[in-house]
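What follows is a short report on a single structure.
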Amino acid sequence: MEGIREIAKSYYQKASENEKNSIQDFFKKLDINGDGKISTEEIKKAITSWLSTEDVFKELDVDGNETLDFDEVLCLYYMEKKMNNVSVDASIN
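When the count follows our numbering, it moves up by one through the sequence shown with no breaks and lands on 138 for the last residue.
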């Protein structure tokens, strides 16, 4: 997963401002309580695919603090984009 993280960071650094805004919006939609971190509960509520499993979450959680920060979510964003089978429920508040 480390290789995927580095690729995701590289993609983000090279992304257009429009794509960076889309990624930031993706993060904000996942961050239901607005604390700047994504919990397993927030992932399960917002994403409807195998990417919301606890095993995937644990792989993404590099620092092991049981939440995902923005950099950790980058990997999820690009996985979702590549697979194109995850929907984020924008109606969740």
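Think of the CB as a built atom: it goes at the ideal place given N, C-alpha and C, for glycine as much as any other residue. Keep in mind the model is a prediction, meaning the values are calculated, not measured.
Beta-ladder partner(s) of residue i, from DSSP
| i | result |
| --- | --- |
| I77 | Answer is none; I77 lacks a bridge partner. |
| I83 | L113 |
Residue burial classification, residue i (beta-carbon count within 10 angstroms, cutoff 16)
| i | result |
| --- | --- |
| D80 | exposed |
| S136 | Residue placement at S136 is poorly supported in this model, since its pLDDT is 49, which falls under 50; the coordinates still yield a value, given next. Answer is exposed; the Cβ neighbour count stays below 16. |
Short Cβ contact (7 Å threshold) for residue i with residue j
| i | j | result |
| --- | --- | --- |
| E99 | V107 | no |
| S84 | T112 | yes |
| Y123 | Y56 | yes |
Rounded separation between residue i and residue j - CA only
| i | j | result |
| --- | --- | --- |
| I52 | L75 | 21 Å |
| D114 | K59 | 20 Å |
| I88 | K127 | 18 Å |
| L105 | S61 | 24 Å |
| G109 | F102 | 10 Å |
Contact belief for residue i with residue j at Cβ below 8 Å, rounded distance in angstroms
| i | j | result |
| --- | --- | --- |
| V54 | L96 | The identity of residue 54 in the sequence shown is Lys, whereas the question assumes Val. Not a contact, Cβ separation roughly 18 Å. |
Residue i Cβ short of 6 Å to the ligand NAD heavy atom set
| i | result |
| --- | --- |
| V118 | Inclusion of the ligand NAD in the displayed structure is not the case, the ligand content being empty and no account of it being possible. |
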